[in-house]
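Asker: Following our numbering from start to finish, the sequence shown increments by one per residue and tops out at 211.
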Amino acid sequence: DAESVGCGGTMALHARAGDTVCLVIATDGGSSRAASRSRSRMAGMRAREAQTATQLLEARTVLQLGFAEGHYLQSDLQARIEDIIRGFEPTLIYTTSCIDYHPEHGKVASALAKALEAVKYTRATVRIYEIQVPLTSNLTNMLAILGPADRAKRRALEAYQTQEQSLIWSRRHALYTRRLYRHAGEVDAVWELFRPEVRRVMGRFLGLV
């Protein structure tokens with residue numbers, strides 16, 4: 003659900019502007035224990051929810067890599083990201099935040115930074131979106147004014163029915179963001195970094211060498 007919370011409205015805006023959007027979901031979400039479901043059952047439900055959510059956000063290509071949440075090697079994820087970058091050749095990459103306390107978000111951010119370095123890919127600008135930990139005005143340097151795309155974001159979040167209770171905080175976060183940046187309507191806040199900065203900046207937070 004991170005993509006819907008962090009940049010769902012922005013994704014819909016890109017799609018509606020005619021951009022080709024490829025969404026990559028790294029893990030299977032199987033560690034969630036909503037209603038005491040088994041890992042395999044939860045993973046299947048989360049995969050279906052993600053498919054519904056991303057259709058609402060109008061992503062053209064959705065790649066669910068299916069890594070078992072909390073039980074995979076970061077090097078394996080990095081290798082898959084490298085292949086995707088080579089094949090898709092993105093000009094913009096949105097990613098989870100390197101200052102978020104969710105361990106999977108940090109692992110994805112780190113794997114992306116290392117993949118960009120390994121591939122030596124220079125065409126992409128990286129935009130880090132906030133989820134549970136606000137970037138604040140110290141790091142945020144770009145806002146996406148969602149307008150009508152906010153409805154798509156809200157419907158995408160509603161698609162994650164197994165996470166309904168755990169996503170209650172996202173409403174408070176949206177209100178905080180609107181008030182912080184003094185917008186009446188919904189916004190997505192991002193921290194834009196040019197490719198040469200990604201390794202250095204993420205290294206400060208993630209301990210990359």
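We treat Cβ as the ideally placed atom computed from N, Cα and C, and that holds for glycine.
Kindly confirm or deny that the region 108–115 and the region 67–87 touch, where touching means at least three C-beta pairs closer than 8 Å.
Answerer: yes
Asker: Go to R125, then tell me how far its alpha helix (DSSP H) extends in each direction, as first and last residue.
Answerer: Taken as a continuous stretch (DSSP letters only), R125 belongs to no alpha helix (DSSP H), as it is neither H nor E.
Asker: Which of the three DSSP states, helix, strand or coil, is assigned to L137?
Answerer: coil
Asker: Can F69 and T29 be called in contact, C-beta distance under 7 Å?
Answerer: yes
Asker: For V211 and A161, I'd like the C-alpha separation in whole angstroms.
Answerer: With a pLDDT of 44 at V211, under the threshold of 50, the modelled position of this residue cannot be trusted; read the value that follows with caution. Roughly 39 Å between the two C-alpha positions.
Asker: Classify E194 as helix, strand or coil using the three-state DSSP reduction.
Answerer: strand
Asker: Assuming the contact rule is C-beta atoms closer than 8 Å, V189 and A154 should be a hit. Round their C-beta distance to whole Å, please.
Answerer: Not a contact, Cβ separation roughly 14 Å.
Asker: Determine, using beta-carbon pairs with one atom in the region 177–191 and one in the region 44–52, whether at least three such pairs fall under 8 Å.
Answerer: no
Asker: Out of S34, S42, H107, state which residue places its alpha-carbon closest to the alpha-carbon of V26.
Answerer: H107
Asker: If you reduce the DSSP assignment to three classes, tell me which class C100 lands in.
Answerer: DSSP places C100 in coil when its eight states are reduced to three.
Asker: State the Cα-Cα distance for the pair L65 and V7, rounded to the nearest angstrom.
Answerer: 18 Å
Asker: In angstroms, rounded to a whole number, what distance separates the CA positions of V23 and M13?
Answerer: 7 Å
Asker: Using only the alpha-carbon positions, how far apart do L137 and V192 sit?
Answerer: 8 Å
Asker: For the beta strand (DSSP E) containing V23, list its first residue and its last residue.
Answerer: It is not in any beta strand (DSSP E) - V23 carries neither H nor E in the DSSP assignment.
Asker: Compute every distance between the C-beta of Y96 and the non-hydrogen atoms of the ligand SAH, then say whether any falls below 6 Å.
Answerer: As presented, the structure is devoid of all ligands, the ligand SAH included, so that no description of it is given.
Asker: Which residue wins for smallest C-alpha separation from R18, given the options S172, G31, L59?
Answerer: L59
Asker: What is the DSSP secondary structure of L58, reduced to helix, strand or coil?
Answerer: helix
Asker: Buried or exposed: which applies to D102, given that a residue is buried once 16 or more other Cβ atoms fall within 10 Å of its Cβ?
Answerer: buried
Asker: For E91, which residues of its own chain have a beta-carbon under 7 Å away from its beta-carbon, when the five flanking residues on both sides are left out?
Answerer: R125
Asker: So L148 and L159 are supposed to be a Cβ contact under 8 Å. How far apart are they, rounded?
Answerer: The Cβ separation is near 13 Å, so there is no contact.
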